[in-house]
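A.B. asks: Counted from 1, the sequence shown has number 92 at position 104 by this note's numbering; the numbering is strictly sequential.
This is the structure I want to talk about, given as structure tokens.
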Amino acid sequence: MAINLSIVDAKLRNPRVPLTELEQSAFCQVEPLETKPLAEELNAGVRWQRLPDSYVNMTPEELTTRIEANKVQLGSRAVILGHHYQREDIIQFADFRGDSLKLSQYAADQQGSEFIIFCGVHFMAETAAVLGGTHQKVVLPNINAGCSMADMAPTDDALDCWDDLMTTLGTGSVIPVTYMNSTAEIKALVGENGGA
-11 MAINLSIVDA KLRNPRVPLT ELEQSAFCQV EPLETKPLAE ELNAGVRWQR LPDSYVNMTP
49 EELTTRIEAN KVQLGSRAVI LGHHYQREDI IQFADFRGDS LKLSQYAADQ QGSEFIIFCG
109 VHFMAETAAV LGGTHQKVVL PNINAGCSMA DMAPTDDALD CWDDLMTTLG TGSVIPVTYM
169 NSTAEIKALV GENGGA
């Protein structure tokens, strides 16, 4: 006897949660994260650059006061960009909030600002630096803030792959394409070879 199950029956009998929903609950908090002193945050197992002890030992309230004062002092000389995934205690200081593409476009339009403070990851700050003026300094508060997607394509590996493709298929036979979430070096490789 054959069993005939429809797709609807199969879904009901074997429900699955899409991986993105599993990741959502694991990594994307619905409730605001509690701000902790940097000394405690630094113990979370995340790579950080070395910070002065005076910052590490400040309370969250002291850090907020310090940031507010510096923002007033710098005025229009600095623009703070905050990526959507930053937590609220960072975003509250952002002059503009968006995704990586929108933030980079916004950064390119800020020719009057001397400093672009990019609260995001490394490839975003690189893109802002490429699009910005030579008079501008792009600051990434955590220089070790990386993107797993951008890290999937190490430049040396991409160059080796490109050389292999050109040897096998011939120059001009492949148009390289990359995603926004890639390093400036990968974007340069693509641009130098007629891609987008």
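Quick reminder that beta carbons are idealized off the backbone N, C-alpha and C, glycines included.
From a predicted model like this one, the values you see are computed outputs, not experimental measurements.
1. Please classify E114 as buried or exposed, where buried requires at least 16 other C-beta atoms within 10 Å of its C-beta.
2. Would you tell me roughly how many angstroms separate the C-alpha atoms of V178 and T159, rounded to the nearest one?
3. For I104, does the count of other Cβ atoms within 10 angstroms reach 16, so buried, or fall short, so exposed?
4. Let me know if S101 comes out buried or exposed under the rule of 16 or more other beta-carbons within 10 Å of its beta-carbon.
5. Here's a check: name, in chain order, each residue in its chain whose Cβ is nearer than 8 angstroms to the Cβ of L26, leaving out the five neighbours to either side.
6. Kindly list the residues whose CB is nearer than 6 angstroms to the CB of G86, restricted to its own chain and excluding five residues on each side of it in sequence; keep chain order.
7. Since F106 and A116 are thought to touch, with beta carbons under 8 angstroms apart, how far apart are those beta carbons, to the nearest angstrom?
8. Return the residue from the list L62, A184, Q99 and L91 that minimises the CA-CA distance to Y73.
9. Quick check: the Cα distance between D(-3) and P164, rounded to an integer number of angstroms?
10. For R35 and G134, what's the separation of their Cα atoms in angstroms?
11. Taking just the CA atoms, how far does A57 sit from L21?
12. What beta strand (DSSP E) runs, 3 residues minimum, are completely inside the stretch 86 to 163?
C.D. replies: Let me lay it out:
1. Around the beta-carbon of E114, 16 or more other beta-carbon atoms lie within 10 Å, marking it buried.
2. Taking the straight line joining both Cα atoms gives about 13 angstroms.
3. Looking at its Cβ environment, which holds 16 or more other Cβ atoms inside 10 Å, I104 is buried.
4. Buried, since its Cβ has 16 or more Cβ neighbours within 10 Å.
5. Taken in chain order, the residues that qualify are L39, Y43, V44, N45, M46 and L51.
6. Nothing listed; no residue qualifies.
7. So it is a contact: roughly 6 angstroms between Cβ atoms.
8. Of L62, A184, Q99 and L91, the residue nearest in Cα terms is L91.
9. Because D(-3) sits at a pLDDT of 42, beneath the cut-off of 50, its placement in the model cannot be relied upon, and the following sentence gives the value as read from the coordinates. Going by C-alpha positions, D(-3) is about 43 angstroms away from P164.
10. Roughly 10 angstroms between the two C-alpha positions.
11. Going by the C-alpha atoms only, they are around 24 angstroms apart.
12. Whole beta strand (DSSP E) segments, 3+ residues: 103 to 107 and 125 to 127.
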